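Novice: Residue numbers for the sequence shown follow this note's numbering, beginning at 631 and rising by one. All residues carry an ideal CB built from backbone N, CA and C; glycine is no exception. Being a predicted model, the structure only gives us computed values, none of them experimental. This is the structure I have questions about; it appears just below.
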Amino acid sequence: MLTLTTPEGDTLTADTDVHLASQWLDKQHGEGWEKGLIPFDEHDVMNTALDELALIRDGSITGYTLTDDTDTDD
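Structure (structure tokens):
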């Protein structure tokens, strides 16, 4: 399970990066943010969010934390 914690203390959890990025975009722009966008633009916004999650994960964006408590012992 992935957990994103924002500087404001909000916590989002998801099973995949894509699901987490979608939740984060909903949090930032409101649910339905993708309505009215052509598929290319929707994918562009999602890819940007995924890139930001990667930067959070490696510590390049401060104030946020991204943890992965997936059991890797299998």
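Under 6 Å Cβ to Cβ from Pro-637, same chain only, skipping five residues before and after it: list those, please.
Specialist: For the purposes of this step, residue 637 is identified with residue 7 of the sequence shown, where counting begins at 1. Gly-693, listed in sequence order.
Novice: Is the segment 672-684 touching the segment 641-653 in the sense that three or more CB pairs, one from each, lie closer than 8 Å?
Specialist: Judged by Cβ distances under 8 Å, the segment 641-653 makes contact with the segment 672-684, as three or more pairs qualify.
Novice: Taking the CB atoms as reference points, tell me whether Thr-635 and Thr-643 lie closer together than 7 Å.
Specialist: Counted from its first residue, the sequence shown places residue 635 at position 5. Counted from its first residue, the sequence shown places residue 643 at position 13. Not a contact, by the Cβ cut-off of 7 Å.
Novice: Please work out which residues of its chain come closer than 6 Å, Cβ to Cβ, to Trp-663, disregarding the five sequence neighbours upstream and downstream, and give them in chain order.
Specialist: Taking the sequence shown and counting its residues from 1, one reaches residue 663 at position 33. Same-chain partners within the cutoff: Leu-655.
Novice: Please report the residue range of the alpha helix (DSSP H) in which Thr-692 lies.
Specialist: Counting from 1 along the sequence shown, the entry for residue 692 is found at position 62. Where Thr-692 is concerned, there is no enclosing alpha helix (DSSP H), given that its DSSP letter is neither H nor E.
Novice: DSSP three-state label for Thr-700, please.
Specialist: As a working mapping, residue 700 is identified with position 70 in the sequence shown. Of the three classes helix, strand and coil, the one that applies to Thr-700 here is coil, per DSSP.
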